[in-house]
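In our numbering, the protein residues as written are 20 to 130. Read through the structure below, which is laid out as structure tokens, and then see the notes.
In structure tokens form, the structure reads like this:
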């Protein structure tokens with residue numbers, strides 16, 4: 020079975036990242052799960068409970084007390100930034116500064 024070239028590049032970029040090397044094991048795992056769920060602006064919901072339900076729905080109880088610390092680690096090493104909600108009813112978002120080649124490509128961008 021051949022591995023797509025994009026996956027090889029993604030794996031190499033992740034493996035060599037100095038910023039990811041600074042993360043705890045849990046923060047790294049959650050980061051890698053989040054990165055493949057980004058929207059068109061390299062963003063994902065910032066509410067810790069909703070984020071965890073999106074990226075690791077079968078392990079919510081295991082990571083529920085770790086997700087906020089993981090997000091903080093991502094911010095501290097410069098992998099992401101928090102985008103505040105536009106109003107009191109909205110949710111914060113997390114924008115991935117480095118998406119390691121997983122940047123969303125809109126299939127309708129040329130239209």
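No residue lacks a Cβ here, since even glycine has one placed at the ideal position from N, Cα and C. Quantities reported herein were computed from a predicted structural model and do not represent experimental measurements.
For residue j and residue i, believed in contact at Cβ under 8 Å, the rounded distance
| i | j | result |
| --- | --- | --- |
| residue 94 | residue 38 | Incorrect: roughly 11 Å between the Cβ atoms, too far for contact. |
| residue 99 | residue 113 | 5 Å |
| residue 102 | residue 62 | 7 Å |
| residue 65 | residue 111 | 3 Å |
Residue environment, residue i, which counts as buried when at least 16 other CB atoms sit within 10 Å
| i | result |
| --- | --- |
| residue 104 | exposed |
| residue 109 | exposed |
| residue 31 | exposed |
Distance cut-off 7 Å: residue i Cβ against heavy atoms of the ligand ADP
| i | result |
| --- | --- |
| residue 112 | The ligand ADP is not part of this structure, which contains no ligands at all. |
Proximal residues to residue i (C-beta, below 7 Å), its chain only, five neighbours per side dropped
| i | result |
| --- | --- |
| residue 84 | none |
| residue 71 | 79, 82, 83, 86 |
| residue 74 | 49, 52, 53, 56 |
Neighbourhood of residue i by C-beta distance below 8 Å, restricted to the same chain and skipping five residues each side
| i | result |
| --- | --- |
| residue 50 | 39, 42, 89, 93, 98 |
Contacts around residue i, its chain only, beta-carbon distance under 6 Å, and the 5 residues preceding and following it disregarded
| i | result |
| --- | --- |
| residue 35 | none |
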